[in-house]
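Residue numbers (full-length UniProt numbering): 1 to 566. So the structure is just underneath, and the comments pick up after that.
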């Protein structure tokens with residue numbers, strides 16, 4: 001039995017699928033050219049076949065624009081220039097095929113990355129991906145293909161990237177990872193996919209073997225490898241009870257989120273793609289509190305065009321039928337990379353060139369996204385928010401670019417909504433402390449607690465060794481949240497929260513008492529939160545929040561809340 005962090009609720013019992021990316025060292029050897037050329041040609045054909053197979057399986061789940069990356073890889077694998085350079089080196093230098101492939105690949109990557117043209121820079125990532133697969137095939141190594149899993153499985157990995165999770169199909173019943181925290185992106189994706197996940201489970205990859213039976217308890221953060229028959233029976237009962245509770249909550253799907261003393265709040269859902277809209281509606285969501293648009297970029301092999309983005313935003317707005325949709329502008333950097341955009345190395349990427357900082361520097365990327373959003377605004381109730389705002393000047397710059405693009409579209413005769421709210425994420429302590437001034441400029445706030453806690457506690461949210469410092473109930477965090485809400489209300493603006501804290505069982509009462517207007521969370525958490533809200537008194541929770549702010553530690557706050565609500 002191994003202990004980790006319960007990151008996405010549920011229980012799974014299935015076979016282990018170990019996700020291990022091959023590692024190898026390329027060694028130069030003398031070889032017979034004819035044999036090596038034949039080996040190369042065979043490996044190249046297998047590489048093309050592999051990519052075709054992945055594309056075919058992915059087509060069942062991904063939109064045509066998301067499949068474009070596979071077309072780019074097929075084009076690269078079929079590029080006669082790549083093959084001829086490798087064959088030429090094999091024949092002229094009499095070297096082994098994998099060494100020649102590695103040398104040519106490194107040369108092509110360097111060449112593409114040095115070009116000024118953005119399109120050609122983007123091709124470097126394609127070369128890396130295709131030639132890595134080609135080298136694996138030359139060496140007889142297998143690259144895991146999650147989309148090919150065809151039996152119920154629990155994925156065991158060191159970590160899962162967003163692109164890994166995008167490949168998961170209906171046979172992936174959950175996953176456990178060595179690293180990560182409750183707010184890591186693999187955890188966020190698991191919640192979106194509504195599958196159980198245990199992260200920060202140190203040693204799980206080494207302990208597991210392919211084909212082992214595993215119990216994944218993502219309610220208590222436990223992984224049991226090769227369980228006994230009694231343990232399987234016990235957890236089957238626990239899983240049935242959990243599913244029964246989920247089913248019972250469905251009676252609240254169409255209910256309002258109103259406290260016992262008549263105070264109404266909004267319970268919204270967080271999404272990553274237009275496909276997630278149904279999950280929010282099916283779980284009683286009253287809006288979208290966070291649309292993470294970076295996944296539109298991460299699932300592509302190029303910066304999405306204005307029209308590609310417009311179609312995605314239009315689909316979400318139409319799908320929500322007039323309910324509020326809060327769209328976060330591009331938030332990449334930190335651990336969120338793009339295969340076609342090279343970030344310069346940084347000592348502290350989470351504190352570096354990311355989110356609004358990148359957008360204000362690369363304005364052409366920002367303007368394209370804003371134009372697509374403004375065009376889509378006529379199809380629903382759109383709110384736009386900028387991430388990672390630290391200064392009032394940053395917000396003003398972002399708002400000014402928005403206004404410029406809005407005026408341009410109107411001048412072009414494009415119909416746009418009369419009212420588009422423009423707000424900001426509050427995830428940097430400086431923004432929370434200065435909330436009263438920001439509220440004079442922004443139409444609303446959305447508190448991103450995942451980063452707010454990370455930055456306030458100086459604790460990397462991806463590092464399981466300091467995961468104990470993820471303390472949403474710490475009085476210092478609660479005080480920053482109160483400053484933010486009070487600052488918004490002072491100027492007649494609304495304040496929401498889209499971080500993981502918004503859906504936590506014991507956070508809801510305190511946040512209600514602090515005056516939070518909108519709670520946005522994973523779709524699967526909405527009904528549970530509604531049940532809690534409808535059983536609470538706003539007035540009593542105000543008293544509870546007042547007491548919570550006086551406590552010294554997170555443990556003291558948690559004990560206080562548990563006593564009050566239980």
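Just so you know, even glycine gets a beta-carbon here, dropped at the ideal spot from N, CA and C. Source: prediction; values computed, not measured.
Can you pull the DSSP bridge partners for residue 292?
Taking the first residue of the chain shown as position 1, residue 292 is located at position 292. Per DSSP, 328.
What residues in its chain sit with their C-beta under 7 Å from that of residue 151, if we drop five residues either side in the sequence?
In the chain shown, the residue the question calls residue 151 occupies position 151. Taken in chain order, the residues that qualify are 15 and 171.
Between 510, 262, 41 and 562, which has its C-alpha nearest residue 80's C-alpha?
For the purposes of this step, residue 80 is identified with residue 80 of the chain shown, where counting begins at 1. For residue 80, the nearest C-alpha among the options comes from 41.
Measuring CB to CB, does residue 530 end up less than 8 Å from residue 114?
Translated into the one-based positions of the chain shown, residue 530 becomes position 530. Translated into the one-based positions of the chain shown, residue 114 becomes position 114. Cβ atoms of residue 530 and residue 114: not closer than 8 Å.
How would you label residue 190, buried or exposed, when you count the other beta carbons within 10 angstroms and need 16 or more for buried?
Residue mapping note: residue 190 aligns to position 190 of the chain shown, counting from 1. That one is buried.
Residue 384 and residue 366: beta carbons closer than 8 Å?
On the chain shown, residue 384 is found 384 positions in, with the first residue counted as 1. On the chain shown, residue 366 is found 366 positions in, with the first residue counted as 1. Against a cut-off of 8 Å, the Cβ pair of residue 366 and residue 384 comes out as no contact.
Could you tell me which of 480, 109 and 443 sits nearest to residue 429, measuring between CA atoms?
Stepping through the chain shown from its first residue, residue 429 is reached at position 429. Answer by Cα proximity: 480.
Provide the residue span of the alpha helix (DSSP H) that contains residue 401, from first to last.
For the purposes of this step, residue 401 is taken as residue 401 along the chain shown, with counting starting at 1. Here the alpha helix (DSSP H) through residue 401 covers 392-411.
Answer yes or no: do residue 5 and residue 200 have a C-beta to C-beta separation smaller than 8 Å?
Counted from its first residue, the chain shown places residue 5 at position 5. Counted from its first residue, the chain shown places residue 200 at position 200. Cβ distance < 8 Å, so residue 5 and residue 200 count as in contact.
Three or more C-beta pairs under 8 Å: does that hold for the stretch 359-379 against the stretch 392-407?
Cβ pair count under 8 Å is three or more, so yes.
Grouping DSSP H, G and I as helix and E and B as strand, with all else coil, what is residue 270?
For the purposes of this step, residue 270 is taken as the residue at position 270 of the chain shown. In this structure, residue 270 counts as strand in the three-state DSSP scheme.
Along the chain, where does the alpha helix (DSSP H) containing residue 222 start, and where does it finish?
Here residue 222 refers to the residue found at position 222 when the chain shown is read from its first residue. First-last for residue 222: 222-225, but that is the beta strand (DSSP E), not the alpha helix (DSSP H).
Here's a check: name, in chain order, each residue in its chain whose Cβ is nearer than 8 Å to the Cβ of residue 441, leaving out the five neighbours to either side.
Sequence index remark: in the chain shown, residue 441 carries index 441 (1-based). Excluding sequence neighbours, residue 441 sits near 392, 395, 396 and 399.
Please give the ranges of any alpha helix (DSSP H) in the stretch 24-104, keeping only runs that are unbroken, at least 4 residues long and fully inside the region.
As far as the stretch 24-104 is concerned, its whole alpha helix (DSSP H) runs of at least 4 residues are 33-58, 68-77 and 80-93.
Put residue 446 into one of helix, strand or coil per three-state DSSP.
The residue labelled residue 446 in the question sits at position 446 within the chain shown. In the structure shown, residue 446 sits in a strand (DSSP, three-state: E or B).
Pull up the distance between the alpha-carbon of residue 141 and that of residue 102, whole angstroms please.
Walking along the chain shown from the start, residue 141 turns up at place 141. Walking along the chain shown from the start, residue 102 turns up at place 102. Going by the C-alpha atoms only, they are around 15 Å apart.
Rounded to whole angstroms, what is the Cα-Cα separation between residue 129 and residue 149?
Numbered from 1 along the chain shown, position 129 holds the residue referred to as residue 129. Numbered from 1 along the chain shown, position 149 holds the residue referred to as residue 149. So the alpha carbons of these two residues sit roughly 21 Å apart.
What do you get for residue 345, buried or exposed, if any count of 16 or more other CB atoms within 10 angstroms of its CB means buried?
The sequence position of residue 345 within the chain shown is 345, counting from 1. That one is exposed.
With DSSP as the reference, label residue 217 as helix, strand or coil.
Translated into positions along the chain shown, residue 217 becomes position 217. Strand.
Can the beta-carbon of residue 377 be found closer than 8 Å to that of residue 416?
Here residue 377 corresponds to residue number 377 of the chain shown, with the count starting at 1. Here residue 416 corresponds to residue number 416 of the chain shown, with the count starting at 1. Contact flag set, yes.
Is the stretch 243-260 touching the stretch 534-541, taking contact as three or more C-beta pairs under 8 Å?
Yes: at least three Cβ pairs fall under 8 Å.
Below 8 Å on the Cβ atoms is my contact criterion, and I expect residue 197 with residue 218 to pass it. Report the Cβ-Cβ distance as a whole number of Å.
Locating residue 197 in the chain shown gives position 197, where the first residue counts as 1. Locating residue 218 in the chain shown gives position 218, where the first residue counts as 1. About 6 Å separates the two Cβ atoms, so the contact holds.
Under 8 Å between the Cβ atoms of residue 522 and residue 270?
If you number the chain shown from 1, residue 522 lands on position 522. If you number the chain shown from 1, residue 270 lands on position 270. Yes, they are a contact pair.
Where does residue 154 fall in DSSP's three states?
What you label residue 154 is simply residue 154 of the chain shown in a count that begins at 1. Residue 154 falls in the strand class under three-state DSSP.
Expressed to the nearest angstrom, what Euclidean distance is found between the alpha-carbon atoms of residue 131 and residue 105?
In the chain shown, the residue the question calls residue 131 occupies position 131. In the chain shown, the residue the question calls residue 105 occupies position 105. Answer to the nearest angstrom: the Cα atoms are 6 Å apart.
Using CA coordinates, which residue listed in 332, 301, 291 and 336 is at the minimum distance from residue 319?
Position 319 of the chain shown holds residue 319. Out of 332, 301, 291 and 336, 291 has the C-alpha closest to the C-alpha of residue 319.
Have a look at residue 55 and residue 78 and give me their C-alpha separation to the nearest angstrom.
As a position in the chain shown, residue 55 is number 55, starting the count at 1. As a position in the chain shown, residue 78 is number 78, starting the count at 1. Looking at the two C-alpha atoms, the distance is approximately 15 Å.
Tell me the rounded alpha-carbon separation between residue 82 and residue 134.
Residue numbering aside, residue 82 sits at position 82 when the chain shown is read from its first letter. Residue numbering aside, residue 134 sits at position 134 when the chain shown is read from its first letter. Rounded to whole angstroms, residue 82 to residue 134 spans 12 Å at the Cα level.
With DSSP as the reference, label residue 280 as helix, strand or coil.
Taking the first residue of the chain shown as 1, we reach residue 280 at position 280. Three-state result, residue 280: helix.
I'd like the ranges of any beta strand (DSSP E) spanning at least 3 consecutive residues and lying wholly in the stretch 517-541.
You should have 518-521.
With a threshold of 8 Å, are at least 3 pairs of Cβ atoms found where one atom belongs to the stretch 494-501 and the other to the stretch 430-449?
Short answer: they touch.
Just to check my reading of the structure: residue 193 and residue 165 have Cβ atoms closer than 8 Å, yes? What is that Cβ distance to the nearest angstrom?
The residue you call residue 193 lines up with position 193 of the chain shown. The residue you call residue 165 lines up with position 165 of the chain shown. Sure, about 7 Å apart at Cβ, within 8 Å.
I need the DSSP call for residue 177, collapsed to helix, strand or coil.
One-based indexing of the chain shown puts residue 177 at position 177. If DSSP states are grouped into helix, strand and coil, residue 177 belongs with the strands.
With a cut-off of 8 Å on the beta carbons, I'd call residue 375 and residue 438 a contact; round off their distance for me.
Along the chain shown, read from residue 1 onward, the residue named residue 375 stands at position 375. Along the chain shown, read from residue 1 onward, the residue named residue 438 stands at position 438. Actually they do not touch by this definition, with Cβ atoms about 27 Å apart.
Should residue 211 go down as buried or exposed, given a rule of 16 or more other Cβ atoms within 10 Å for buried?
In the chain shown, residue 211 corresponds to position 211, counting from 1. The residue is exposed, with fewer than 16 neighbouring Cβ atoms inside 10 Å.
Among the residues of its own chain, which have a CB less than 7 Å from the CB of residue 334, if the five just before and after it don't count?
Your numbering for residue 334 matches position 334 in the chain shown. Closer than 7 Å at Cβ, skipping near neighbours: 349, 350 and 354.
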